[in-house]
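Those sequence lines, one after another, are chains A, B, C and D.
The opening position of the first sequence corresponds to residue 1 in my numbering, with each subsequent residue numbered one higher.
The opening position of the second sequence corresponds to residue 1001 in my numbering, with each subsequent residue numbered one higher.
The opening position of the third sequence corresponds to residue 2001 in my numbering, with each subsequent residue numbered one higher.
The opening position of the fourth sequence corresponds to residue 3001 in my numbering, with each subsequent residue numbered one higher.
What follows is a single structure, written as structure tokens, with notes after it.
There are 4 protein chains.
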Amino acid sequence: MIIVMQQGAARREIEEVMLEIERLGYKSHPIHGVERTVIGAIGDERGKMRLQMLEMAPGVERVIPILKPYKLAGKELHKEKTLVEVAPGVVFGGARIPVIAGPCSVESFEQICATAAAVKAAGAAMLRGGAYKPRTSPYAFQGHAEEGLKMLAAARAQSSLPVDTEVMKESLVDLVASYADLIQIGTRNMQNFDLLKAVGQTRKPVLLKRGLANTVAEWLMSAEYIMAQGNLNVILCERGIRTFETATRNTLDLSVISVLKRETHLPVVVDPSHGTGHWEYVEDMSLAAIAAGADGLIIEVHPNPHEAWSDGSQSLKPEGFAALMTKARAVAAAVGREL
Amino acid sequence: MIIVMQQGAARREIEEVMLEIERLGYKSHPIHGVERTVIGAIGDERGKMRLQMLEMAPGVERVIPILKPYKLAGKELHKEKTLVEVAPGVVFGGARIPVIAGPCSVESFEQICATAAAVKAAGAAMLRGGAYKPRTSPYAFQGHAEEGLKMLAAARAQSSLPVDTEVMKESLVDLVASYADLIQIGTRNMQNFDLLKAVGQTRKPVLLKRGLANTVAEWLMSAEYIMAQGNLNVILCERGIRTFETATRNTLDLSVISVLKRETHLPVVVDPSHGTGHWEYVEDMSLAAIAAGADGLIIEVHPNPHEAWSDGSQSLKPEGFAALMTKARAVAAAVGREL
Amino acid sequence: MIIVMQQGAARREIEEVMLEIERLGYKSHPIHGVERTVIGAIGDERGKMRLQMLEMAPGVERVIPILKPYKLAGKELHKEKTLVEVAPGVVFGGARIPVIAGPCSVESFEQICATAAAVKAAGAAMLRGGAYKPRTSPYAFQGHAEEGLKMLAAARAQSSLPVDTEVMKESLVDLVASYADLIQIGTRNMQNFDLLKAVGQTRKPVLLKRGLANTVAEWLMSAEYIMAQGNLNVILCERGIRTFETATRNTLDLSVISVLKRETHLPVVVDPSHGTGHWEYVEDMSLAAIAAGADGLIIEVHPNPHEAWSDGSQSLKPEGFAALMTKARAVAAAVGREL
Amino acid sequence: MIIVMQQGAARREIEEVMLEIERLGYKSHPIHGVERTVIGAIGDERGKMRLQMLEMAPGVERVIPILKPYKLAGKELHKEKTLVEVAPGVVFGGARIPVIAGPCSVESFEQICATAAAVKAAGAAMLRGGAYKPRTSPYAFQGHAEEGLKMLAAARAQSSLPVDTEVMKESLVDLVASYADLIQIGTRNMQNFDLLKAVGQTRKPVLLKRGLANTVAEWLMSAEYIMAQGNLNVILCERGIRTFETATRNTLDLSVISVLKRETHLPVVVDPSHGTGHWEYVEDMSLAAIAAGADGLIIEVHPNPHEAWSDGSQSLKPEGFAALMTKARAVAAAVGREL
């Protein structure tokens, strides 16, 4: 930590801060500048909130952390890329880029099985579908719950595609984990810390979506919550952030792929469907994500989008998805990867 | 709903949309403009997601909802202001403005009882304190859990101030409700829909904080989740939104007080401590909130902020809080209210 | 500046950075931590961009400035509040709070004179009105230009209210300054640096509106542009920032009043009309601004808002403005000031 | 326009609005719903601000525009893609994707000529370099002004690369246009309407950067300002928007490429250097932009970034740029285009 003293801080105040730093178990090291003094606090500052509280001490202007707050998710102590194997042969983080596809909600046995067959034929590596749906309105369809999980399992049995599905509360983690190959934490739950701890106690891979308005640092701290419980199989998923722009449902932040490559060893997947909210933009953003170095895609596909029970306007039809996959293969090859 | 057809939409497409509107149980009413056709769908559109899906039909450009999506929280069907009585004589929504004060976290029996005594002496109507703490870092203090609730109950017994405390997950709602007079839903849980349903099934008053990046419309839909379960005792709490500005921890959106007066009958409370993140700004923003018409305040007070286990930099000392209350009384009187 | 070296930076890289610091005229001071080294660069860093460029040197992770980048606008070297006198007896920054009122655009001689008379009767200290209008659409009314300035001058002559009007380009600064008592720099021009320099070369007081998405630090740097030319009569004007919320036209950031009190000696005025975009919200936000410590208000008033040529939906009628002034006087008195 | 009446609006109010619509030259068409009435106003609403003002009329809740506000920039009246030829063989909007490269600022004859040679060798189609620099601080290097333009002209003569350079004020448009092949309007000037009109009166191609916090609709209205003066050679440039995220300097909004393809016929160029603010992220974002369908790139390249006078941290070295170009060619080929 660097403690910046106020201009004109009293000598006694500076000494008191140095004493406090030593009391907390750090070494203190002052630099006396022309206009003000700054004090280095040497030691492992991570997880040490007390040091931050020096901001309230008399004469202190601000406290600047130097080290990253995340240990397990960061690259400082773990440099090589993590490979997360979701099912035999379906690995996120390697040269091959798995694509997860399927409807927003599992609506019926027929719908999910037909979609599974179609996306498999087009080259998807996994099936997605929600049985528990977080909906802004209490009057909207909330998902088929365990029935939906069973339909998903049936679609997996038919298609042999592993499945990704969302869990929304701690008490359902075991149930969802018993059906899913990849447990999804939705954007609204990125900082539902009890839920993070609960999925951290399973050994199932977790797809952790970025919160609507969360920074990269907060996102990695949420991954840290899961990893601190012993589950290191975390995949990050960018799905758009909230900005002033209304032409798209969210603003897909593709630059986060580059930032994450520098900050973490965890793989990153991109969701262009929620990221843009419009099916017309999904193909462009999928190709862009692959070109930028994404380790996976998650795309909404519905056999009949204008009859979808949720999110139809951002869903591709199976034929649109197949066309996308063909182009995506070409872009992946151009950057030395494959789908 | 208004369905706007694309420029040059075919006659057959227009007819198909009108048929679909009728099939869904609405009356359709076209207006043929110079460049394009718009179609009104007459009927109660609230909760009717299927109509929205017409956006995907051939020839449709966009679908514009006309009615507000919230029924119970909105003023259309319930015009008079709701009064929420949290304890005998402590009412939010009337001429008197209750102030909730206390530490971010309950740290010890001594700390919470001393704070309770101090804030009561200064005129606070309620005590706040967290026993379950949502913390960005898994390595930070997570709250004393049920022990914290017991300390809070002891402080209530000593001070006779009713208490407000946060619940973070569905499975703890009954426990927290058995201790609290007002159950707080934190900003990160504004769209934790299972939690909202669970507190909706109690009859305890709920303080619903606005999400970090949620619109007024989404916030009122979250209130609707609680109310749809039968619990009409909802108090809204503005606590700052996330913007590009970093001089404050969040951007306190005081204009939302005026917006809410127009949109809802529910009372609104302002949290200037989280809203700004700096204790120096709390007094100004408290006075501003009262002048703007807030129905309550919630303020962090700690006997010794630079030793607080969380959020010390935004906490007032008891003497600062007392000074604030004196000024707040004068401003309240100036706008025809009292503390 | 603090230069944070990368974890594992080579000794040679550290030495090279220290040499470079010395070459640029600063003293270097290293602190060797457990995991990495940080180096202090001692000296006046303001305006020294070259030091920042060390961020690109081998082995450097980041460079953290310690001093504020603004000298003239900041409180470090100028602690007492600046008083800006716009006309005899009309002073911003003192105990009395001047209110500027008038239409968005000067539309006609009759309109501006009638408005001037009405706002004066209600207690306004200044008249506002735009002769040059920045409009999003090229097809919208762009202002009466010099004719509008003449109408404004006539209204001043009749009402004896000093006038505030906007200048949009450097080449018109002299002309506008010859009519105006207070020159307004609009939100879209906060970083039109040539325009800032030009008004800095006059000695007319300047009302500098905050940019739509500009931080406090950038805003004060824009004030610095004006002041560096010798014109110290700068008044800052908060008028709402752009956020994700669409219930209001902008999000009025009243906490900036408190931030500015701490960062600068310049007076701050609040514009609740642009800040919210809805006349219904203007009164609440005016009272809030005064309670929070604003040094002035600027409010849109139009004799007939629904016939206004611009911004009618945020304009008060004269009677609404008079009612606001009555309440504002009470709130001002409650915080020890007067209108 | 659609005028939505308030719930319970009086019959007389509805009739008055209909009369007013007719008075303004439109046909009115009411739809009487169950809870409220909406009225269609039929006619060309573009540029008709008066209709919008009905929002202030008694009984009106809100006014919803149906048509896009831009005529010349929009696709409604001009469907085929516009090709902008900047110099013989350098065309934006076609299958070939021109890359503009060069330093942020023109620093010296040697620097700009060396950079020109290097970027040409790597395959750039144009040279960039600023002679007039908008800088947040008045104490930072503000550009070499006309001397800089001369250096740029010399570099063009040596390299035969056409040049792109920024103009910051109306009075310099003719001078800059006499040197530049492409006139750049910077992000801070996207709504400097007098400047837009001035470049609209030249016939030089214009690169219009998106404002820091401007929507697509506002951006296209700024293009409309230029086009309404007769200059149809407008190229749009996405350069990142301001959001809450601080891991990047701005948030590069690549989805805007897809939005613009749908909304306008104008070509779109991407600036990943300003978009991210970190040279490490420029390559990824360049490849992503091409994959998403961008019509050009503009990239900062400096022979010695850590000695750059501005923006060094986002500049590539010539060798980094050459490596990027190689990869960019492969991605372009994968999407059926070429560099």
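Just so it is clear, CB atoms sit at the ideal spot from N, CA and C, and this is done for glycine as well.
Remember, it's a predicted structure, so these values are computed and weren't measured experimentally.
Nearest by alpha-carbon distance to residue i: which of the options is it?
i	options	result
V256/A	A116/A, E238/A, T248/A	E238/A
M1227/B	T1246/B, T1264/B, A1157/B, L1254/B	T1264/B
R3210/D	G3275/D, G3123/D, G3296/D, A3057/D	G3275/D
R3012/D	P3138/D, R3249/D, T3037/D	T3037/D
E2245/C	G1240/B, R1249/B, A1247/B, Q1007/B	G1240/B
S3310/D	I3100/D, P3134/D, K3327/D, G3040/D	P3134/D
L2254/C	Y1281/B, V1234/B, K1169/B, L1152/B	Y1281/B
S3108/D	G3094/D, R3203/D, A3154/D	A3154/D
A2010/C	H2032/C, E2022/C, G2025/C	H2032/C
G3358/D	R1050/B, V1034/B, I1042/B, G1040/B	Residue 3358/D is absent from the model: chain D starts at 3001 and stops at 3339.
G130/A	N192/A, S258/A, F141/A, E283/A	F141/A
S2137/C	P3098/D, S3171/D, D3174/D, K3071/D	K3071/D
A3288/D	E300/A, H278/A, L252/A, A308/A	L252/A
D2164/C	P2318/C, Y2225/C, V2106/C	V2106/C
Which term fits residue i, buried or exposed, when burial requires 16 or more other beta carbons within 10 angstroms of its beta carbon?
i	result
S160/A	exposed
L3019/D	exposed
G336/A	exposed
A2124/C	buried
P3058/D	exposed
A157/A	exposed
R2188/C	buried
A2118/C	buried
R3023/D	exposed
D174/A	exposed
Please check the pair residue i and residue j, which I expect to be a contact at CB under 8 Å, by giving their CB distance rounded to whole angstroms.
i	j	result
A2217/C	P2069/C	7 Å
P3162/D	A3087/D	4 Å
V1060/B	I1003/B	6 Å
L3182/D	S3222/D	Not a contact, Cβ separation roughly 17 Å.
L339/A	I97/A	5 Å
G199/A	N231/A	Per the sequence shown, residue 199/A should be read as Val rather than Gly. So it is a contact: roughly 7 Å between Cβ atoms.
Hey, how far is the Cα of residue i from the Cα of residue j?
i	j	result
K1261/B	A2322/C	22 Å
L266/A	K2079/C	49 Å
A1333/B	M5/A	40 Å
I2185/C	L2127/C	16 Å
V2176/C	G2143/C	13 Å
R2062/C	L2054/C	8 Å
Q2340/C	E2076/C	Shown here, chain C extends from 2001 to 2339; a query on residue 2340/C therefore has no answer.
Q1229/B	T1082/B	17 Å
L3297/D	C113/A	43 Å
V270/A	L316/A	16 Å
A328/A	L67/A	38 Å
M3285/D	W3279/D	10 Å
N233/A	K204/A	7 Å
Name, please, each residue of chain F whose Cβ falls closer than 8 Å to the Cβ of residue i.
i	result
M3285/D	Of the protein chains in this structure, namely A, B, C and D, none is chain F.
*asked:* So if I threshold CB-CB distances at 7 Å, which residues from the region 1208-1239 of chain B count as touching chain A?
replied: L1212, A1213, E1218, M1221, E1224, Y1225, A1228
*Name, going along the chain, the residues of the region 2291-2303 of chain C whose beta-carbon falls closer than 7 Å to a beta-carbon of chain B.*
Of all residues in the region 2291-2303 of chain C, A2291, A2292, G2293 have a Cβ within less than 7 Å of some Cβ in chain B.
_Which residues of the region 2317-2333 of chain C have a Cβ closer than 8 Å to any Cβ of chain B? Give them in chain order._
K2327, A2330, V2331, A2333
*Taking only beta carbons into account, state which residues of the region 1264-1279 of chain B come closer than 9 Å to chain C, listed in chain order.*
P1272, G1275, T1276, H1278
_Please list, in chain order, the residues of the region 2163-2175 of chain C that have any C-beta partner in chain D closer than 7 Å._
M2168, K2169, E2170, S2171
_Interface positions of the region 54-75 of chain A facing chain C (Cβ-Cβ less than 8 Å), listed along the chain_ = Under the 8 Å Cβ criterion, the region 54-75 of chain A contributes I64, I66, L67.
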